[in-house]
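Below: one structure, written as structure tokens.
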Amino acid sequence: MDALPPTRILDRDDMMHIGICAFRSGQTAAQVMEHAEAATRNAVLQGSNSWAVYDDSLPEKGRGNVRWRTLIEQMLSRGGPRLYQKPAVTRDGRVHHRELMCRLYDGKEEVIAAEYMPMVLQFGLAEEYDRLQITRLLPFLGFWPEENLALQVTVESLIRPRFQRWLRDTLMQCEKSHRRRIIFELAEADVCQYIGRLQPVMRLVNALGIRIAVVQAGLTLVGTSWIKQLDVEVIKLHSGLSRNIEKRSENQLLVQSLVEACKGMPVQVFATGVLSRSEWQVLSQCGVTGGQGEFFAASQPLDTNVKKYSQRYSV
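What the sequence shown shows, in my numbering, is residues -11 to 303, in sequence order.
Given below as structure tokens:
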């Protein structure tokens, strides 16, 4: 790179990205190229001149890449995935917000977002997907004026200047009171990996009145310094931390440490995947603000015929 002549057009510190994938017997040339391209996109996300190796742990569940791409493109062309809602409930039983959950129908069964989103990212369709989902979210704010609505948005989209411009222009057309009831959910692992590139766009998002939640917290031991670096309102613990927490002292300590890290800041910690009263009792003792899961309410299809959702649940 040092041997190249200087140019005003390209940033010499961010002009070369290398994607690496392993060839396996039986793979076609097209498959190898797809994997190499996916690795290159990951290298671009890392910023500066960098390289990345294709992650072959992405879920396939009996579907090849062509089948996945077809399903996802059909879903996008038909207006997006099926939408469900699940309330996040505080310790006194009040609804803090409702999370919009997405499922893709493959002709036989519904596929949850955790399974198909890695493929959306791999195919470079995250920006199109996020635009569609945000566009679908906005009318719901008018249907349910008492509800705060949360939607997962990919960091890959948020760090793109083109997406940032679209987001600004789109949200500026909404009433300020509506914008203040939107919560963008970002995965903790992505937040930590790209925090330097996220900080400018987070300032834009906050200026627009959008609130931020970081989800899947505690999935990896990445520290908590990001809590102070970003203006986060809600932290949602990974559902695995809730599972049988009454029997797992190490998970109790981790939850307590996350709650402690948020003291003195306007950050609320919510548990997810809560299935039983015993789990909820221990989580409450650990200091969480609220929870989400089958113990409170199951996911329900989003229904615009419902004039008003319940604002209280038994805890």
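We treat Cβ as the ideally placed atom computed from N, Cα and C, and that holds for glycine.
| query | Are three or more beta carbon pairs between the stretch 58 to 73 and the stretch 115 to 134 nearer than 8 Å? | reply | yes
| field | Arg18, buried or exposed, once every other Cβ within 10 Å from all chains shown has been counted against 16 | value | Numbered from 1 along the sequence shown, position 30 holds the residue referred to as residue 18. The sequence given here places Ala at residue 18; Arg does not occur at that position. Exposed.
| query | So, using beta-carbon positions, are Val243 and Leu225 closer together than 8 Å? | reply | In the sequence shown, residue 243 corresponds to position 255, counting from 1. In the sequence shown, residue 225 corresponds to position 237, counting from 1. Taking 8 Å as the Cβ cut-off, Val243 and Leu225 qualify as a contacting pair.
| Taking just the CA atoms, how far does Val257 sit from Val222? | Locating residue 222 in the sequence shown gives position 234, counting from the first residue. Locating residue 257 in the sequence shown gives position 269, counting from the first residue. Taking the straight line from one Cα to the other gives about 6 Å.
| query | With distances taken between CB atoms, is the gap from Gly279 to Val262 smaller than 8 Å? | reply | To locate residue 279, count along the sequence shown from 1; it is residue 291. To locate residue 262, count along the sequence shown from 1; it is residue 274. In contact: Gly279 and Val262 (Cβ atoms closer than 8 Å).
| query | Mind checking Ala102: buried by the 16 CB within 10 Å criterion, or exposed? | reply | Numbered from its first residue, the sequence shown carries residue 102 at position 114. Classification for Ala102: exposed.
| Could you give the residue range of the beta strand (DSSP E) that holds Ala175? | Numbered from its first residue, the sequence shown carries residue 175 at position 187. Taken as a continuous stretch (DSSP letters only), the beta strand (DSSP E) holding Ala175 covers Ile170 to Ala175.
| field | Close beta carbons around Glu98, own chain, < 6 Å, minus the five adjacent residues each side | value | The count along the sequence shown starts at 1 and reaches residue 98 at position 110. Correct list, in chain order: Arg91.
| task | Within the stretch 42 to 105, note down every full beta strand (DSSP E) run reaching 3 residues or more, in order along the chain. | result | 70 to 78, 83 to 93 and 98 to 100
| Are at least three pairs of beta-carbons, each pair with one atom in the stretch 175 to 193 and one in the stretch 213 to 222, less than 8 Å apart? | yes
| task | Report the residue from Glu115, Arg55 and Val294 whose alpha carbon sits nearest the alpha carbon of Asp94. | result | The residue given as residue 94 occupies position 106 in the sequence shown. Considering only alpha carbons, the answer is Arg55.
| To which residues does DSSP link Trp39 through a beta bridge? | Here the question's residue 39 lines up with position 51 in the sequence shown. Paired residues: Ile6.
| message | By alpha-carbon positions, which one of Asp118, Val247 and Asp80 ends up nearest to Thr158? | response | Mapped onto the sequence shown, residue 158 falls at position 170. Nearest of Asp118, Val247 and Asp80 to Thr158, Cα basis: Asp118.
| request: Please determine, among Lys251, Pro106, Gln273 and Val189, the residue with the shortest C-alpha to C-alpha distance to His23. | output: What you label residue 23 is simply residue 35 of the sequence shown in a count that begins at 1. Ranking the options by Cα distance to His23, first place goes to Pro106.
| For Gly281, which of Glu134, Val303 and Ala175 has the nearest alpha-carbon? | Here residue 281 is taken as the residue at index 293 of the sequence shown, counted from 1. Gly281 has its Cα closest to that of Val303, out of Glu134, Val303 and Ala175.
| request: Going by CA-CA distance only, name the one from Gly206, Ser237 and Glu238 that's closest to Ser227. | output: Translated into positions along the sequence shown, residue 227 becomes position 239. With distances taken between Cα atoms, Ser227 lies closest to Gly206.
| Rounded straight-line distance, which links the Cα of Lys74 to that of Gln110 | Here residue 110 corresponds to residue number 122 of the sequence shown, with the count starting at 1. Here residue 74 corresponds to residue number 86 of the sequence shown, with the count starting at 1. Looking at the two C-alpha atoms, the distance is approximately 27 Å.
| field | Contact check, Tyr104 vs Ile147, beta carbons under 8 Å | value | Start at 1 with the first residue of the sequence shown, and residue 104 comes out as number 116. Start at 1 with the first residue of the sequence shown, and residue 147 comes out as number 159. No. Outside cutoff.
| task | Over the uninterrupted beta strand (DSSP E) stretch that includes Arg265, give me the two end residues. | result | Position 277 of the sequence shown, counted from the start, is the residue given in the question as residue 265. Segment Arg265 to Gln273 is the alpha helix (DSSP H) holding Arg265; no beta strand (DSSP E) there.
| said: What residue range does the alpha helix (DSSP H) around Arg185 cover? | reply: Position 197 of the sequence shown, counted from the first residue, corresponds to residue 185. Run containing Arg185: Ile183 to Ala195, per the alpha helix (DSSP H) assignment.
| task | Below 6 Å CB to CB, which residues in the same chain sit around Ala204 once its five sequence neighbours on both sides are set aside? | result | Locating residue 204 in the sequence shown gives position 216, where the first residue counts as 1. Note that residue 204 is Gln in the sequence shown here, rather than Ala. Hits under 6 Å: Ala175, Glu176 and His226.
| Which word fits Lys295, buried or exposed, when buried means at least 16 other C-beta atoms lie within 10 angstroms of its C-beta? | Start at 1 with the first residue of the sequence shown, and residue 295 comes out as number 307. Classification for Lys295: exposed.
| request: Would you decide whether Ile171 is buried or exposed? Buried here means 16 or more other CB atoms lie within 10 Å of its CB. | output: Position 183 of the sequence shown, counting from 1, holds the residue named residue 171. Looking at its Cβ environment, which holds 16 or more other Cβ atoms inside 10 Å, Ile171 is buried.
| query | What separation, rounded to the nearest whole angstrom, lies between the Cα atoms of Ala249 and Gly112? | reply | Translated into the one-based positions of the sequence shown, residue 249 becomes position 261. Translated into the one-based positions of the sequence shown, residue 112 becomes position 124. If I take the Cα positions, the gap works out to 35 Å.
| query | Apart from the five residues on each side of it in sequence, which residues of its chain come closer than 7 Å, Cβ to Cβ, to Val270? | reply | Within the sequence shown, the letter at position 282 stands for residue 270. Contacts found: Ile233, Glu234 and Gln240.
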